[in-house]
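Sequential numbering from 13 applies to the sequence shown in our numbering.
C-beta atoms are modelled at their ideal positions from N, C-alpha and C, and glycine is treated no differently.
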Amino acid sequence: MMRRAALILALLGFVGLVVVFIWRAGADGREQDAARQLWESREPESYAFTYETCEGMCSPCPWRVSVKDGRAVEVTSNQRRCKMPVEQAFTIEDLFDKLSYYRRAREFGVSYDKRWGFPVRAYNHCGPGTDDCGSAFEISAFAVN
C-alpha cells in the first residue's frame, strides 16, 4: 500500500513538472512573440548596440554592431582578440531567431527591453553535470542613429 502511494505521488510529481515545463515553454513563446511584435513596430532604420556572447567556457567578446536597413554594416571591438566579419554579425532580428535555438536547452532564460522589445540577455544551459555546455548573450548601449 505504501509503495503504491509513493508511486502515485511520484507520478503526480512528474506530471506536475511536465505541465509546468509545457506552461513555461508556452509563456516564454508568448512573451517572445509580444517582444518581437513590439520590436517590429518600433524598429528604427538605423541603430547600434554592443553585443557580448560566450559559448561554453570562454571569455566574452564585446562587439559594437551598427545596423542600417536590417543589415549589419559595421562591427568593431575594443579587444584585439575579438574579431568578427560584418557578414557574421547579428542584427536584433537575428537574435530573436537565435532564441529558438536557446529554448531547446534544459535551462533557458531571456529578458526583453521594455521600451523596444529586443532581447537584452539570454542564456541556455544543458543542465547538471555539463559545465561547459551552454551559451549566453547580452545587449547593451542600444542607440538609434
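Inset, instruction - Measure the Cβ-Cβ separation of residue 63 and residue 75 and say whether it is below 9 Å. - result: In the sequence shown, counting from the first residue as 1, residue 63 sits at position 51. In the sequence shown, counting from the first residue as 1, residue 75 sits at position 63. Taking 9 Å as the Cβ cut-off, residue 63 and residue 75 qualify as a contacting pair.
Inset, instruction - Using only alpha-carbon positions, find the residue among 133, 127 and 146 that is nearest to residue 50. - result: As a first step, residue 50 must be located in the sequence shown, where it is residue number 38. The shortest CA-to-CA distance from residue 50 to any of 133, 127 and 146 is the one to 127.
Legend entry - Status (buried if at least 16 other CB within 10 Å, exposed otherwise) for residue 100: In the sequence shown, counting from the first residue as 1, residue 100 sits at position 88. By the neighbour-count rule (16 or more Cβ atoms within 10 Å), residue 100 is not buried but exposed.
Legend entry - Which listed residue (125, 157 and 110) has its alpha carbon closest to that of residue 147: To locate residue 147, count along the sequence shown from 1; it is residue 135. The option with the nearest alpha carbon to residue 147 is 110.
Inset, instruction - Starting from the C-beta of residue 91, find all residues in its chain whose C-beta is less than 8 Å away, skip the five residues before and the five after it, and write them out in chain order. - result: Against the sequence shown, residue 91 aligns to sequence position 79. Closer than 8 Å at Cβ, skipping near neighbours: 73 and 74.
Inset, instruction - Taking all protein chains shown into account, decide if residue 132 is buried (16 or more other Cβ within 10 angstroms of its Cβ) or exposed. - result: By 1-based counting over the sequence shown, the position of residue 132 is 120. So residue 132 ends up on the buried side.
Legend entry - Neighbourhood of residue 79 by C-beta, 6 Å cutoff - its chain only, sequence neighbours within 5 removed: For the purposes of this step, residue 79 is taken as the residue at position 67 of the sequence shown. Cβ neighbours of residue 79 within its own chain (closer than 6 Å, five residues either side excluded): 59 and 103.
Legend entry - Per-residue burial, residue 155 [other beta carbons within 10 Å of its own, 16 or more giving buried]: Numbered from its first residue, the sequence shown carries residue 155 at position 143. Exposed: under 16 other Cβ atoms inside 10 Å.
Inset, instruction - May I have the straight-line CA-CA distance separating residue 46 from residue 129, to the nearest angstrom? - result: Taking the first residue of the sequence shown as position 1, residue 46 is located at position 34. Taking the first residue of the sequence shown as position 1, residue 129 is located at position 117. The alpha-carbon atoms of residue 46 and residue 129 are separated by roughly 8 Å.
Inset, instruction - Return the CA-CA distance between residue 84 and residue 157, expressed in angstroms with no decimal places. - result: On the sequence shown, residue 84 is found 72 positions in, with the first residue counted as 1. On the sequence shown, residue 157 is found 145 positions in, with the first residue counted as 1. If I take the Cα positions, the gap works out to 13 Å.
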